[in-house]
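Heads up, the thing below is written out as structure tokens.
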Amino acid sequence: MANHHFGNIGDIWKHLPLCEILAIVQPARYWETHAGSACYDLSHTPGRDHGIYRFLRAAPGEEPLAASRYRALLSEMPKRAAEPAVYPGSPHLAMRCLQERGAMFIFCDIDGSSLDDIQRAADDLHVPRDCVRCVAADGIASIFEQLEKLNDEEAARTFIHIDPFLLHAAGEQGMNSVELFCEATKRGAQVMLWYAFDSPTPRRTDVWDLFRSTSAAHDLSRSTHNLWAGEISMPGVTASQLPDISLAGCGILCANLTDPALAACDALGRSFARIYHDIRFADGAVGQYDFTTACDL
Ligand SMILES: C[S@@+](CC[C@H](N)C(=O)[O-])C[C@H]1O[C@@H](n2cnc3c(N)ncnc32)[C@H](O)[C@@H]1O
Numbered sequence: 018m019a020n021h022h023f024g025n026i027g028d029i030w031k032h033l034p035l036c037e038i039l040a041i042v043q044p045a046r047y048w049e050t051h052a053g054s055a056c057y058d059l060s061h062t063p064g065r066d067h068g069i070y071r072f073l074r075a076a077p078g079e080e081p082l083a084a085s086r087y088r089a090l091l092s093e094m095p096k097r098a099a100e101p102a103v104y105p106g107s108p109h110l111a112m113r114c115l116q117e118r119g120a121m122f123i124f125c126d127i128d129g130s131s132l133d134d135i136q137r138a139a140d141d142l143h144v145p146r147d148c149v150r151c152v153a154a155d156g157i158a159s160i161f162e163q164l165e166k167l168n169d170e171e172a173a174r175t176f177i178h179i180d181p182f183l184l185h186a187a188g189e190q191g192m193n194s195v196e197l198f199c200e201a202t203k204r205g206a207q208v209m210l211w212y213a214f215d216s217p218t219p220r221r222t223d224v225w226d227l228f229r230s231t232s233a234a235h236d237l238s239r240s241t242h243n244l245w246a247g248e249i250s251m252p253g254v255t256a257s258q259l260p261d262i263s264l265a266g267c268g269i270l271c272a273n274l275t276d277p278a279l280a281a282c283d284a285l286g287r288s289f290a291r292i293y294h295d296i297r298f299a300d301g302a303v304g305q306y307d308f309t310t311a312c313d314l
């Protein structure tokens, strides 16, 4: 297993909207650049207490979270002392959301043991072997290669989840994750790019400068691609204030999704930020996440 960040806050504001989007748009294909494992043994750490365990505790009192597809899937995971014993990574969640419609999956990762875990989970979930491809190679280059083979109609029914390790890092073809986002958007695929920023680096302004310059170079516009970002952040927080367990912020940048899917993400984001109204900073101050949306790059 190569992903040690599972169940932290960044995972929740990725998997929560992801499940809702997939349930609504029901794509025929689900492709992921940095898949990680399907399942992780779940136990308490400060990061997970701040992430998944806070969600599990608070979600019943927040209606959009309580009724979310993500919470329903968590409740079906094997349990230990009334809590999930296993945390589902995005490959597991995607297969659960889409297996009934017979979707085709491509999962990329450079870690062989993560891909083995995905294949095991697919077998356990009875997803037919010819519906799942695990690709042991750079995810940005591999997904771009697959994208080039699709016709327009196929591209429109393909959901691409870009979950980069480093937003700026170029893959084997010299393309970075934001460039892949723009290429997939122009082809008409449904796209979700997860991003995070921190204090001191990368700063939120660095991330948004990259989004703006790359989308301008690719001639993307909100009106043609329904661009949308939903972000949780703590404006003005300094590196010394930020608790080790928290991120300064993270978000999802989406393209070509339907309005009902974006409305559902908007409601979930507002509700999710509300359960983080009492974050303890290192200096004793209490802070909170804000949820913001942007429809223009
Ligand atoms: C944060 S995890 C992915 C989490 C997963 N998408 C989820 O949401 O549950 C990061 C994964 O990226 C993989 N990885 C790192 N560099 C990669 C690359 N260039 N191409 C594909 N996967 C990569 C790592 O092996 C690791 O399993």
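Residue numbers (the numbering used here): 18 to 314. Cβ coordinates follow ideal geometry from the N, Cα and C atoms, glycine included. Just so we're clear, the structure is a prediction, and the values are computed from it rather than from any experiment.
| Asked | Found |
| --- | --- |
| Closer than 7 Å: Ala84 CB and nearest ligand 1 heavy atom | no |
| Runs of beta strand (DSSP E) lying entirely within the segment 202 to 290, each at least 3 residues, in chain order | 207 to 214, 245 to 250 and 266 to 272 |
| Terminal residues of the alpha helix (DSSP H) in which Cys114 lies | Ser107 to Leu115 |
| Cβ distance (whole Å) where His178 is taken to contact Met209 below 8 Å | 5 Å |
| Length-filtered (4 minimum) alpha helix (DSSP H) runs lying within the segment 85 to 149 | 86 to 92, 107 to 115 and 129 to 141 |
| CA-to-CA distance, Val144 to Arg65, given in whole angstroms | 29 Å |
| beta-carbon Ile269 near ligand 1 non-hydrogen atom, thresh 7 Å | no |
| Bridge-paired residues (DSSP) for Glu49 | Phe124 and His178 |
| Residue range of the alpha helix (DSSP H) that includes Cys36 | Ile26 to Val42 |
| Ala311 - DSSP class collapsed to helix/strand/coil | strand |
| Per DSSP, cross-strand counterpart(s) of Val329 | Because the chain is modelled from 18 through 314, residue 329 falls outside the range shown and cannot be assessed. |
| Best match in Ile160, Lys203 and Val152 for proximity to Asp169 [C-alpha to C-alpha] | Lys203 |
| Asn20 CB to nearest heavy atom of ligand 1 below 7 Å | yes |
| C-alpha distance - Ser238 paired with Ser85, whole-angstrom precision | 30 Å |
| Contact under 8 Å by Cβ, Ala138 with Met112 | yes |
| Cβ neighbour criterion (16 or more within 10 Å) applied to Ser230 | exposed |
| Cβ-heavy atom distance, Gly156 to ligand 1, below 7 Å | yes |
| Near ligand 1: Ser238 beta-carbon under 7 Å from a heavy atom | no |
| Beta-carbon gap between Pro63 and Ile262 smaller than 8 Å | yes |
| Asp58 - containing beta strand (DSSP E), residue span | Cys56 to Asp58 |
| Range covered by the alpha helix (DSSP H) that runs through Phe72 | Ile69 to Ala75 |
| Proximity of Thr309 and Glu248 at Cβ, strictly below 8 Å | yes |
| Spatial distance of Ser216 from Leu259 (CA atoms) | 8 Å |
| beta-carbon Thr62 near ligand 1 non-hydrogen atom, thresh 7 Å | no |
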